[in-house]
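Using the numbering used here, the first residue of the sequence shown is number 1, and each one after it goes up by one.
Glycine included, each C-beta is placed from N, C-alpha and C at the ideal position.
First comes the structure, then the notes that go with it.
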Amino acid sequence: MIFEPLDFMARLAALVPKPRVNLTRFHGVFAPNSHHRVTITPARRGKGKPVDHDDQETTPEQQRQKMTWARRLKRVFNFDIEVCERCAGPVRVIACIDDPAVINAILTHLAKKEENERAATPTRAPPAITLIEQQLAQLTRKT
């Protein structure tokens, strides 16, 4: 098939999914609200009552599913947020901010602080004339 460039781009763009859209939808017992999902999925998450498996040892796959977000950060990015950078001591979470209004207030405050710091720093002088510009100026004077 031969396409005009714009037609080809339009057909390619139609194949690209929209951002932040789930491409996989689950129905039946795999649906997120299914009460039977707890007994079927390896992570044992869902709406139903969790099944106790205390008598069984956890496999490495089950341990991966139980990882906290801090352990995942350490595993994927080699960035341990549970250890202090200065003293190498343990760090604990003292607050978790979920309210969008509070998050917005903190971010606007930080943006204003950064803007004030940028305004306080002195501007530097323009760069000096380079050697090439000097030679070009001498050539133009001769002609």
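To the nearest angstrom, how far is it from the Cα of P126 to the Cα of N78? Position 126 of the sequence shown, counted from the first residue, corresponds to residue 126. Position 78 of the sequence shown, counted from the first residue, corresponds to residue 78. Approximately 42 angstroms between the Cα atoms of the pair.
Helix, strand or coil for P90? Go by DSSP, reduced to three states. The sequence position of residue 90 within the sequence shown is 90, counting from 1. Note: P90 maps to strand in three-state DSSP.
Less than 9 angstroms separating the beta-carbons of I106 and I94? Locating residue 106 in the sequence shown gives position 106, where the first residue counts as 1. Locating residue 94 in the sequence shown gives position 94, where the first residue counts as 1. Not closer than 9 angstroms, so no.
So, with DSSP's three-state summary, where would you put V83? Indexing the sequence shown from 1 puts residue 83 at position 83. Strand, per DSSP.
Rounded to the nearest angstrom, what separates V91 and R25 at their Cα positions? Taking the sequence shown and counting its residues from 1, one reaches residue 91 at position 91. Taking the sequence shown and counting its residues from 1, one reaches residue 25 at position 25. Near 38 angstroms, if we compare the C-alpha coordinates of R25 and V91.
Alpha helix (DSSP H) containing T39: first to last residue? Counted from its first residue, the sequence shown places residue 39 at position 39. Here the alpha helix (DSSP H) through T39 covers R37 to I40.
Tell me the rounded alpha-carbon separation between V102 and A111. Taking the first residue of the sequence shown as position 1, residue 102 is located at position 102. Taking the first residue of the sequence shown as position 1, residue 111 is located at position 111. Each residue's Cα considered, the two are about 14 angstroms apart.
Please list, in chain order, all residues of the same chain as A10 whose beta carbon is under 8 angstroms from its beta carbon, the five residues on each side excluded. Your numbering for residue 10 matches position 10 in the sequence shown. Contacts found: none.
Collapsed DSSP secondary structure at T108 in the structure displayed: By 1-based counting over the sequence shown, the position of residue 108 is 108. In this structure, T108 counts as helix in the three-state DSSP scheme.
Output the boundary residues of the alpha helix (DSSP H) element that contains T151. Absent from the model: residue 151. The displayed extent of the chain is 1 to 143, so no value can be given.
One question on the structure: do K74 and A43 come within less than 9 angstroms of each other, judged by their Cβ atoms? Looking up residue 74 in the sequence shown gives position 74. Looking up residue 43 in the sequence shown gives position 43. Taking 9 angstroms as the Cβ cut-off, K74 and A43 do not qualify as a contacting pair.
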